Amino acid sequence: MAHNQGADSSKASGSPRLSRRQMLKLITAGAVGMPVAALLNACGGAAAPASNAPAAANAPTAASAPASGNSTSGVTLRGVFLPATWGTVTKEVIAADFTKQTGIKVEIDLIGRDAIHDRMGTLFAAKDASYDIFNIDYNWVPEFSRANHLVPLDDVVGADSDFLPKALEVARYNGKLYGVPQTVHPHLLWYRKDLFDEAGMKPPTTMDEWLKAVQFFQDKEMGGQKVYGWAAQSAKGFGNVHTWLTFLYSFGGDTFNNYTDLQPTLNTPEAIAGTEF
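Read in order, the letters of the sequence shown are residues 5 to 281 in our numbering.
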């Protein structure tokens with residue numbers, strides 16, 4: 005298959021043929037400054053050939069990345085993404101658009117979060133270069149970069165990039181950048197203005213007001229339809245952490261005293277109050 009072709013530079017039609025890693029770096033350079041939605045991959049990596057070289061490189065690719073003569077001929081990038089909206093959009097829309105504009109074929113597999121981590125570990129252990137791009141979780145960056153499986157992107161994502169600085173920081177380890185953000189998850193409180201207007205209520209500005217509003221609307225029938233007081237990502241597991249953090253921060257708590265000493269502060273009155281709420 006095309007993605008298993010040699011990664012060393014060679015000659016093609018009289019022009020230097022870029023290695024897959026060089027191609028990913030070139031594409032990355034073309035992606036700098038593009039909106040996050042235009043990026044082909046999130047925090048991920050490009051697999052290197054089975055050698056002592058790093059097994060993967062985080063490399064964003066954009067639909068507007070420049071083609072370089074016929075150096076893209078026969079190049080196929082393979083990626084693994086979560087089967088969430090950003091994964092399906094990448095597979096069904098962005099990948100095809102990227103191929104149309106660059107000539108580079110893109111193949112995306114959609115698998116679950118934990119399965120991505122397991123597959124990366126298996127591939128890296130076997131020095132298997134089947135995949136180039138991985139949609140990874142930020143807390144995997146230390147694990148895989150420490151093992152030399154991810155290639156730094158500092159030479160292609162400069163300080164003048166349009167990425168949110170805080171979003172980039174979570175992909176840094178030991179001073180090096182190992183990924184770029186595909187999605188950022190700010191927590192916002194959305195409310196149905198029409199329902200609040202109908203009930204003659206104002207939107208909450210404190211946690212006590214929020215709780216009273218939730219209790220008021222819970223199981224109410226409005227407009228001929230039963231409504232719920234609150235909806236959130238609250239299933240048991242990893243995803244629930246994000247929801248819990250909104251309560252923690254709302255009560256003035258935090259996870260650590262600072263992000264240098266990393267002394268946990270989960271037993272403070274604020275943290276306990278937010279958790280109990």
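Glycine residues also receive a C-beta, built at the ideal position from the N, C-alpha and C atoms. These numbers come from a predicted model, not from an experiment.
Contact set for residue i: own chain, Cβ-Cβ below 7 Å, skip 5 residues either direction
| i | result |
| --- | --- |
| Q222 | Y232, G233 |
| T272 | G257 |
| N261 | Q267, T269 |
For residue i, the three-state DSSP class (helix, strand or coil)
| i | result |
| --- | --- |
| I137 | strand |
| G278 | helix |
| Y142 | helix |
| G91 | helix |
| I112 | strand |
| P185 | coil |
| K180 | strand |
| T80 | strand |
Top-ranked residue by Cα proximity to residue i, from the options
| i | options | result |
| --- | --- | --- |
| A88 | R82, L81, E96 | E96 |
| I120 | D136, T106, G107 | D136 |
| V84 | A129, D141, F102, T103 | D141 |
| R82 | A133, A239, D201, T247 | A133 |
| D113 | V93, F128, G183 | V93 |
| N143 | A129, D159, D166, A171 | A171 |
| G183 | H191, V145, A163, G204 | V145 |
| T210 | V161, L193, A99 | L193 |
Same chain, Cβ closer than 6 Å to residue i, five either side skipped, listed in chain order
| i | result |
| --- | --- |
| A217 | P208 |
| E274 | F255, G256, G257 |
| K224 | V231 |
| A46 | Model confidence at A46 stands at a pLDDT of 33, short of 50, so the residue's coordinates are unreliable; what they give is reported in the following sentence. Excluding sequence neighbours, A46 sits near N139, Q186. |
Residue i: CB within 6 Å of a non-hydrogen atom of the ligand NAD
| i | result |
| --- | --- |
| L86 | Looking at this structure, you won't find the ligand NAD or any other ligand, since it has none at all. |
Proximity test, Cβ basis, 7 Å: residue i and chain B
| i | result |
| --- | --- |
| Y177 | No chain B appears in the structure shown, which is made up of a single protein chain. |
Proximal residues to residue i (C-beta, below 8 Å), its chain only, five neighbours per side dropped
| i | result |
| --- | --- |
| Q219 | G233 |
Between the stretch 265 to 281 and the stretch 246 to 254, can you find at least three pairs of beta-carbon atoms closer than 8 Å? Yes, they touch.
Contact the stretch 123 to 135 vs the stretch 175 to 186: 3+ CB pairs below 8 Å: no
Quick check for students: name the residue ranges of the alpha helix (DSSP H) that lie wholly in the stretch 140 to 175, counting only runs of 4 or more. 145 to 150, 169 to 173
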